[in-house]
Each structure stands twice: as C-alpha cells, then as structure tokens.
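Chains as they are written, first to last, in the numbering used here: chain A, 394 to 716; chain B, 394 to 716.
There are 2 protein chains.
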Amino acid sequence: MLAAFLPRLPRGAHDDVGNGDDAAVLRIGDPRVVATVDTLVQDLDYRPVWPNGRVTRGHDVGFKGVAQNLSDLNAMAAYPIGLLVSLAMPADTPVDWVLSLADGIADAIHTLGAEGCSVAGGDLSGAREVVLTITALGRLDDAGPVLRSGARPGDEIAVIGRVGEAAAGLALLETAPESGSPPGAPAGAALFEELISAQLRPRPPLGAGAAAARAGAHALMDLSDGMLRDAERLARASGVRVDLDTARLAGFADRLAPAAALLGADPMHWCLAGGEDFGLLAAFTPGTVPAGFTAIGSVADGAAELLVDGRPSTTTGWDHFAA
Amino acid sequence: MLAAFLPRLPRGAHDDVGNGDDAAVLRIGDPRVVATVDTLVQDLDYRPVWPNGRVTRGHDVGFKGVAQNLSDLNAMAAYPIGLLVSLAMPADTPVDWVLSLADGIADAIHTLGAEGCSVAGGDLSGAREVVLTITALGRLDDAGPVLRSGARPGDEIAVIGRVGEAAAGLALLETAPESGSPPGAPAGAALFEELISAQLRPRPPLGAGAAAARAGAHALMDLSDGMLRDAERLARASGVRVDLDTARLAGFADRLAPAAALLGADPMHWCLAGGEDFGLLAAFTPGTVPAGFTAIGSVADGAAELLVDGRPSTTTGWDHFAA
C-alpha cells in the first residue's frame, strides 16, 4: 500500500532528507516553525454516502484534510512547507479509495497554491473507520505571526474567502431527493455543485494571511466554526467589542439565495453561523484593508463581546427575526 | 474535556505563542526542523484488556505514543522541542481515562528527559476506537542528522537501549494465566513487571542519538520493528553487508531467560525479532563506539544484506537451530 501511496504525494523544495529515514528534515529558513494538526473522522466529519446520494471519494477527504490544515497556517501569516499524513482505516478499504485520497492531498497542495510544500512523513495503520490526521508545518512571513488577540478599538473587521458556501453545500448534501427538488435540478445546478464543492473541497485563500500581515493587520484568524463563533473568539481574545454589519454581508448571502429558496433556509444564517469555509477574519486600521478583503464590521472599546447590527449575538446561532 | 485536558500537558521553552491561536509557533533556533508522526490504534497497537488480565490505562497509551515518536527524533540525532497531539475516541470514553492519557504524555516527556518539549497543539474528536496520533518536532544537534544510509565497510554495528524486553513483555501480556504460571508468580515477579513495562512504556535512550552523531556515527536508526528487520534496512539503505554476532547479544538474552523459561520461548528470538524497544542501532568506525553502546556486529563490503553469525537471515524471524 505504502509503495503505491507515497509516489502520488508531492516531494517538496524544503526537504533536506529524502524519504525512508526515521523522521523528515525540513529546511525552514527561519528560527521559528509554525505547526498545526487536524483530524477528519468518517461519519463525523463526512458521510461515506450523503443523504442526497453523493458518495464521498477519497479525493474529497484528502483535499479537505489538507485545506483545513493549510488554513490554520494561513491564519498565522505562514507559508506551508510540509505535511505529515497519518491515515488509519479499515482493512477492507478499497485500494482505489486510498490512492484517490493521496491524489486529493496532492491536488489540494497544487490547487491551493502551496507549491513546494511536501508530504514529508506519514503513517498508515488500521482502524474501524477512516481517521485522517494531517500535521502542517509552515514558515513565517516576516510580518507574521498575527494573533487573534490584537484587534484594537477603531479597527475595521474584514473577511476574505467564501462565506456561507460550505454550510449551504452541507445543507444540500444532507437533503434527500424525496424531501424536495434534488439539488441537481436544472435551475441552480451549476451553483449547487459549486456549493457542494465548497463543503467537500474548501478553498482557503492561501497567501491572504501573509498579505494581511504585510498590510499591518492587528488580528487574524481563520473561519472554521462560523462567523459568529469565530468573531466572538476574536473579540474575547482581543478584549474588544466587535460589531458585524449584516448589510455588508448581503452580497455573500445573495449568492446563496437559490439554494436557500430550494431548501427553505435563510442564506444570512449560513453566512453567520455556517462553518468550514476556511476564509480569514482580520482587523485592520481603517483605510488599510487590503485588496480582496471585504469590510464587514467594526471594533469598539467595551466589553469583550460580539454584536450583530448593534445587538448582542449568541454563538449558537443568529436569528434575523430578532434583529 | 479540552479545558481539563490541556492544563495537564506541559508548555515548553520553545513556545513563541501561547495556546489558543490557529497554530503553534515554536522557536527552533535552526533553519531546519525534524518532524515525525506515529499513530497508536486501540485493539491493533494495544489491547484494552490483555489476556493476562492487565488493563491498559490511558497513561500507558499516552506514554507509549510519546516514546515512539521521540525515538524517531533520537534516531536523527535531534532533540524534541514540541508535540502535536490528536486524540480521536468514542464518546463514552471515561474522562478519567482521557486525563490519565494526558498525564502519560506529560510523564513520558519528563521521564524520558525531554524537558522543555511542549505539547504545542492538538485536536480532540470522536471515533469508534481510540486513535492517538502524535507529531513530534525536533531541533538538530549540530552533528546531525545521521541517516541510515551511511554505514561503511569496516564499521562496527552497535546498539543502545533495551533489547528484546518489549517482546518479552508482550509475550507475558498475551499469556492468559490458565495457560501457565501467571506472570506475577513470585520467582520472577519484579523482572516480569519490568518486561511488561518495557512493552507498555518504552524508554528510548534520548540524547544517545546526538551523542552517536558527535562520536561520528556513520549511520543511525531506531529499533522499532526488531533487530533483524531494522538491521536489514540499514544494510540495504547503506548498500553494505551487516553481520550480527549473537554471542554479543547473549547478555541481553540472559536477562530474559526467566520469562523465556516460564513461557517456553527462546530469549534470543525476542532479542533478534522483537520490536518496540526503541533503542538505537548505529554504525561507527572501530574504536569510536561511545559509552553506553554495545558492539554487536560488523559491516563488510558485498551485497546489501543482513547476516547473523555469518549466515543469511530473513526478516520474518530467526531460527537459532539453523545457525
């Protein structure tokens, strides 16, 4: 298995030692290394077969595992240099599925623009379900790291990347055809496929973290658990009041409207409460928000809390009828 | 859970950023970082309850997970600076067991002499069985890394650490009391406990890798899959003939004799074929073998293969009746 698995994984520019020794040696070029780990578990983080009929390919799992890890590096204004991949799986996992997973890892590195990032080490073992654990190592941009604790009163809060799309895609995947029009219905077919892809293959805007750091971002984090939860974390870590302006999120919500109409959902709820988009949330001095970021809120002195349109919000969700 | 888990884990001297951000930043002090990952899976890498009645504590699993990872750094002549811990487990895993696992991680770092090594990041998730994945990051000794591919004709092969003890311990754990005297029988009780501990809590000789590098070791690797398999890997990677001398392993085998007598086993088989001791195997110019290492064989020009007492060996085992 390893003999077929390994050659599909990219070797990188930072590898100092080839494969086959006890550990990898990566040339980092900085006395600091950025490191993060994330695990994807079958049935919890994805369904082998979704209620809408979609089958999860190994490629999807490998791609998402890489994307969510590289997003964490992005949020520290770091560049990926290497991954360590540990895959535990049932003995009867089809070889094709496993090789597809390797291809998904390689595809994510390429598609997300992490060229030069290697798969520097790994481990294959048995388990009752697929458990994919990826460790990502990065080198810092000179301006990084930017922590989530640096937002200052007067700052603008800005976002880059997809907003609400992964949540809309998840809702489509979780909807069985008999419970409404199938997601593949002609009216929104292309959009629905894009939203499903946003859930299965997140696209963290790599490089935007370093760009934010160079633009002087005071705080930076990735959006993994949803705008409300994550913005509240930023507010708490920074000890400031963050106020999100839903009018500035309307463009993101509008894009989701056809899926929301199909499923009887509120697109703004996806934008505010939906996770796994792996965009970035950042705080900037007004006037310094870099290209690509959308200003969506402000930072004020006061209790460390999150407001939405000037009203207290809860991390468990957002009720636009209360606004 | 995380709130109780994290404070039990050591923070380290190399942490540049405290907990709570998207990724860890470790000050490595060298433009190169050494990285390795290993996974322990319930029922495959350990039994929740062993045939001899021993119950595996969370402490055992955490300790072993750390030990086998730090051994890989040791084998590259590197010093551990940080760990990333991903723990997937069933929802009904007792909290005490999980906290015991955290204590085992901390205990291993302390007991193995890896002070200053932090648990810099982690992830907790669900799964049908316990899957513990640890990533270890290290900084290189100036003389490192030492690869497994550098052995030269004329070198001596030497070992440091336990030999055969983890295999003897495994055999004791796998022996139900009804199939013979219980391992706790008075005659060898203290020894048997030590051997079981060797299996559950390996003691890689951290620092010996760097010492070997400073002594000019030509090749270095850790003993995880048994002397025969690992020495053959060294022979192949280096393109040399390695000849192990069982007479020089007799001291290791003698120590295992009471357990072997109890179980009707061959102690030399444990020494040659048993894995998971996590000692080191190294190749040195004759006369430069450092203190603590035991010379056990020689390197000669010729086919890249392993001999035992001058005869070809197989990686599947060793039959002393053939010798």
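Where a beta carbon is used, it is the ideal one built from N, C-alpha and C, also for glycine.
Anticipated Cβ contact below 8 Å, residue i with residue j, distance rounded
| i | j | result |
| --- | --- | --- |
| B:G451 | B:A481 | Not confirmed; about 14 Å, so no contact. |
| B:L627 | B:V701 | Not quite, the Cβ-Cβ distance comes to about 14 Å (not below 8 Å), so this is no contact. |
| B:L419 | B:D408 | 6 Å |
| A:L492 | A:R401 | 6 Å |
| B:P570 | B:V692 | Actually they do not touch by this definition, with Cβ atoms about 45 Å apart. |
| A:D465 | B:D415 | 4 Å |
| A:A551 | A:F686 | 4 Å |
| A:L530 | A:V426 | 6 Å |
| A:T639 | B:V430 | The pair is not a contact, with the Cβ atoms about 42 Å apart (cut-off 8 Å). |
| A:A428 | B:A513 | 6 Å |
Assigned exposure category for residue i - 16 Cβ within 10 Å defines buried
| i | result |
| --- | --- |
| B:H713 | Confidence is the limiting factor: at B:H713 the pLDDT is only 46, short of 50, which leaves the residue's position unreliable and the question unanswerable from this model. |
| B:H503 | exposed |
| A:M661 | buried |
| A:M394 | exposed |
| B:V454 | buried |
| B:A654 | exposed |
| B:V448 | exposed |
| B:D489 | exposed |
| A:V442 | exposed |
| A:L525 | buried |
| B:D647 | exposed |
| B:G667 | buried |
| A:P538 | buried |
| A:R684 | In the sequence under discussion, the amino acid at residue 684 of chain A is Ala, which differs from the Arg named in the question. Answer is exposed; the Cβ neighbour count stays below 16. |
| B:A417 | buried |
| A:P473 | buried |
| B:A396 | exposed |
| B:A582 | exposed |
| B:G644 | exposed |
| B:A716 | Any reading at B:A716 must be qualified, since the residue scores a pLDDT of 38, below 50, and its modelled position is unreliable; no value is offered. |
| A:G458 | buried |
| A:D485 | exposed |
Own chain residues within Cβ distance below 6 Å of residue i, not counting five before or after
| i | result |
| --- | --- |
| A:A406 | G509 |
| B:R641 | I689 |
| B:R404 | S511 |
| B:A467 | Residue identity check: residue 467 of chain B is Asn in the sequence provided, not Ala. P597, L599 and G602, listed in sequence order. |
| B:S542 | A630 and S631 |
| B:A675 | A551, A605, A610 and L613 |
| B:L593 | D453 |
| A:L494 | G451, V454 and G455 |
| A:G577 | No answer about A:G577 holds up, because its pLDDT of 48 lies below 50 and its placement is not dependable. |
| B:L649 | G557, A561, P660 and W663 |
Cβ neighbours of residue i in the same chain (closer than 7 Å, five flanking residues each side left out)
| i | result |
| --- | --- |
| A:D423 | R532 and L533 |
| B:A658 | A564 |
| A:G703 | D636 |
| A:A499 | R401, L402 and P403 |
| B:D618 | G668 |
| B:D516 | S479 |
| B:P705 | E698 |
| A:L463 | P473, L505, A507, A529, P597 and L599 |
Nonlocal neighbours in the same chain, by C-beta distance under 8 Å from residue i, ignoring five residues either side
| i | result |
| --- | --- |
| B:R521 | P483 |
| B:G554 | R596, P597, P598, A601, L616, D670, F671, G672 and L673 |
| B:D694 | P546, V633 and R634 |
| B:A608 | F677, T681, V682 and P683 |
| A:P444 | L566, E567, T568 and A569 |
| B:D436 | E522 |
| B:A591 | R555, E558, A559, A561, G562 and D670 |
| B:A696 | R634 |
| B:D496 | R401, G451, H452 and G455 |
| A:A460 | A501, L505, R594, P595, R596, P597 and F671 |
The ligand ADP heavy atom lying under 7 Å from the CB of residue i
| i | result |
| --- | --- |
| A:L492 | Questions concerning the ligand ADP fall outside what the structure shown contains, since it holds no ligand whatsoever. |
Host beta strand (DSSP E) of residue i (start-end)
| i | result |
| --- | --- |
| A:L700 | E698 to V701 |
Where in the region 493-566 of chain B do unbroken runs of the beta strand (DSSP E), each at least 3 residues long, occur, reported from the N-terminal end onward?
511-519, 524-533 and 549-553
Every unbroken beta strand (DSSP E) within the region 420-480 of chain A, with a cutoff of 3 residues, ordered by chain
425-434
Could you pull out every unbroken alpha helix (DSSP H) segment of at least 4 residues lying fully inside the region 581-650 of chain B, listed in chain order?
582-593, 601-607 and 620-631
If you scan the region 653-695 of chain A from start to end, which runs of the alpha helix (DSSP H) of 4 or more residues do you find wholly inside it?
660-666
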